[in-house]
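Here is the structure we will look at.
Chains as they are written, first to last, in my numbering: chain U, 21 to 291; chain X, 21 to 291.
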């Protein structure tokens with residue numbers, strides 16, 4: 021069984037897609053052919069979308085699924101003319117909210133305000149520069165400026181986590197890789213001691229770490245599973261002994277790790 | 021008028037929050053006090069969430085809004101006991117989809133599969149390393165490996181765009197800053213000529229560029245509005261003359277720019 025799926029939005033379509041995908045993962049045994057239709061913000065583009073959906077309907081011999089976060093009435097009306105089945109993520113909740121608030125919704129796409137965008141841009145760029153220049157325990161690292169300092173063994177996921185926190189949330193995230201010396205003593209490195217409240221540890225299962233390191237330096241001591249296991253054990257011992265909160269990155273996406281860090285440290289996003 | 025809002029999910033809560041926020045921006049004159057409750061994946065955590073919501077209800081003297089993407093029945097049932105108004109983004113569409121497919125939904129959170137996560141991790145990390153080592157026209161840039169090469173004047177938004185494309189979509193994105201020489205000739209730099217199909221230009225309004233550059237090097241020639249305007253004019257002349265597609269980053273978020281680039285170049289995301 022195969023079904024075509026369209027995600028349609030006046031903006032990026034990211035919300036329509038992420039809710040749609042999580043709904044579809046509940047249904048096994050169906051192959052979904054996914055299409056994203058972003059920036060459908062004129063009647064012409066809406067009419068184009070209808071054509072694409074109807075074309076899929078003909079080709080497939082069954083109704084495509086259309087997940088929509090369209091806000092404008094005129095565009096939603098055009099889309100209702102399609103042969104697809106429409107799941108209207110926006111309008112479905114707008115009427116109940118109007119009833120709850122006792123006021124009418126504007127039904128205008130939230131125009132990204134220029135000033136809001138500019139402030140978010142500045143916050144993100146500042147955070148990004150911070151993350152890039154405080155990556156991997158750089159000698160001049162400015163931990164005093166950090167919102168969070170991520171620590172862990174090499175390849176436990178620190179750099180992507182910090183860059184994601186910067187780009188997505190405007191958070192100042194530094195990272196520090198635990199050295200062989202640190203791991204030998206299982207004591208917190210001296211330069212991190214003043215910043216205990218900002219520390220978060222990352223751990224990972226040895227087999228996964230071995231797999232990741234082996235992709236980078238095949239058959240090295242660095243990628244040896246015993247080496248990986250002993251580094252991780254020492255890091256975890258340090259986390260326990262020094263009472264540092266830590267997360268396991270093995271089965272987590274970068275979004276999940278970032279969200280967990282904000283949650284654990286009680287940090288507010290800056291954008 | 022003030023209302024408390026809760027976003028609740030078994031996962032990061034990103035989807036609940038983004039749909040919820042776009043719904044709420046339709047209602048003017050109300051102040052929303054927003055709370056994210058991620059990783060509500062046990063009955064205990066669901067009961068905690070109910071307490072927090074009910075506490076807000078008492079404090080506010082009116083019903084909090086609860087935007088939920090909870091999937092598990094047992095957790096959703098616990099949440100229905102709250103004094104908040106629940107907008108159930110998941111269940112609302114699950115029953116219609118069951119009817120459409122003629123099969124029952126599993127109603128299990130899409131456990132991030134270990135293998136899927138690993139492959140996504142490898143793709144993202146590979147793309148991230150690529151972006152970091154092909155940033156800002158580095159001499160050893162490997163443009164042959166690029167999915168896209170972003171070009172533009174200094175501070176037009178190239179680096180955040182490339183890192184976002186890497187982290188979010190696993191795309192190999194290089195970037196090349198147009199030099200004074202390039203801008204003087206308004207000809208495509210020789211090293212980019214073999215890769216015309218992968219090029220995307222970024223432009224920006226002079227006042228915005230001036231504002232951004234001034235934050236970096238206040239009162240410099242670099243941040244002078246005339247200098248900004250002339251660089252941008254030359255870059256745009258090059259884009260037109262060399263028939264390079266380009267986007268304006270002035271009023272766009274990094275997500276919007278990234279989505280536009282995928283859309284313009286017809287690129288498929290790798291994660």
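Beta carbons are placed, not taken as given, at the ideal position from N, Cα and C, and that holds for glycine. Here the structure is a predicted model, which is why all the values come from computation and not from measurement.
Closer than 8 Å at the beta carbon, the chain X residues around residue i
i	result
residue 38(U)	34, 35 and 38
Cβ of residue i within 8 Å of any chain X Cβ
i	result
residue 25(U)	no
residue 53(U)	no
residue 250(U)	no
residue 42(U)	yes
residue 190(U)	no
residue 266(U)	no
residue 276(U)	yes
Residue i: contacting residues in chain U (beta-carbon distance under 8 Å)
i	result
residue 140(X)	273
residue 107(X)	113, 116 and 117
residue 183(X)	148, 183 and 187
residue 260(X)	Simply none; closest approach about 22 Å.
Under the three-state DSSP convention, the category residue i falls into
i	result
residue 268(X)	strand
residue 57(U)	strand
residue 170(U)	strand
residue 23(X)	strand
residue 220(U)	strand
residue 47(U)	coil
Any chain U beta carbon closer than 8 Å to residue i
i	result
residue 228(X)	yes
residue 235(X)	yes
residue 287(X)	no
residue 75(X)	no
residue 89(X)	yes
residue 59(X)	yes
residue 64(X)	no
Buried or exposed by the 16-neighbour rule on C-beta atoms within 10 Å, applied to residue i
i	result
residue 46(U)	buried
residue 50(X)	exposed
residue 37(U)	buried
residue 125(X)	buried
residue 155(X)	buried
residue 265(U)	exposed
residue 102(U)	buried
residue 273(X)	buried
residue 153(U)	exposed
residue 119(U)	exposed
residue 213(U)	exposed
Limits of the unbroken beta strand (DSSP E) element including residue i
i	result
residue 4(U)	There is simply no residue 4(U) to check, as chain U begins at 21 and stops at 291 in what is shown.
residue 195(X)	193 to 197
Chain U residues whose Cβ lies nearer than 7 Å to that of residue i
i	result
residue 137(X)	271 and 273
residue 121(X)	47 and 50
residue 180(X)	144, 145, 148 and 187
The alpha helix (DSSP H) enclosing residue i, as first and last residue numbers
i	result
residue 70(X)	63 to 80
residue 209(U)	Per DSSP, residue 209(U) belongs to no alpha helix (DSSP H) and is neither H nor E.
residue 122(U)	Unbroken run through residue 122(U): none, as it is neither H nor E.
residue 105(X)	Here residue 105(X) belongs to no alpha helix (DSSP H); instead the beta strand (DSSP E) covers 105 to 108.
residue 184(U)	178 to 189
residue 247(U)	245 to 261
residue 94(X)	93 to 99
residue 234(X)	226 to 236
residue 279(U)	274 to 285
Under 9 Å by beta carbon: chain U residues contacting residue i
i	result
residue 126(X)	45, 46, 47 and 48
Beta-carbon neighbours of residue i, restricted to chain X and to distances below 9 Å
i	result
residue 279(U)	31, 32, 33, 34, 56, 58 and 59
Near the ligand FMN: residue i beta-carbon under 7 Å from a heavy atom
i	result
residue 186(X)	Annotation note on the ligand FMN: not contained in the displayed structure, which lists no ligands.
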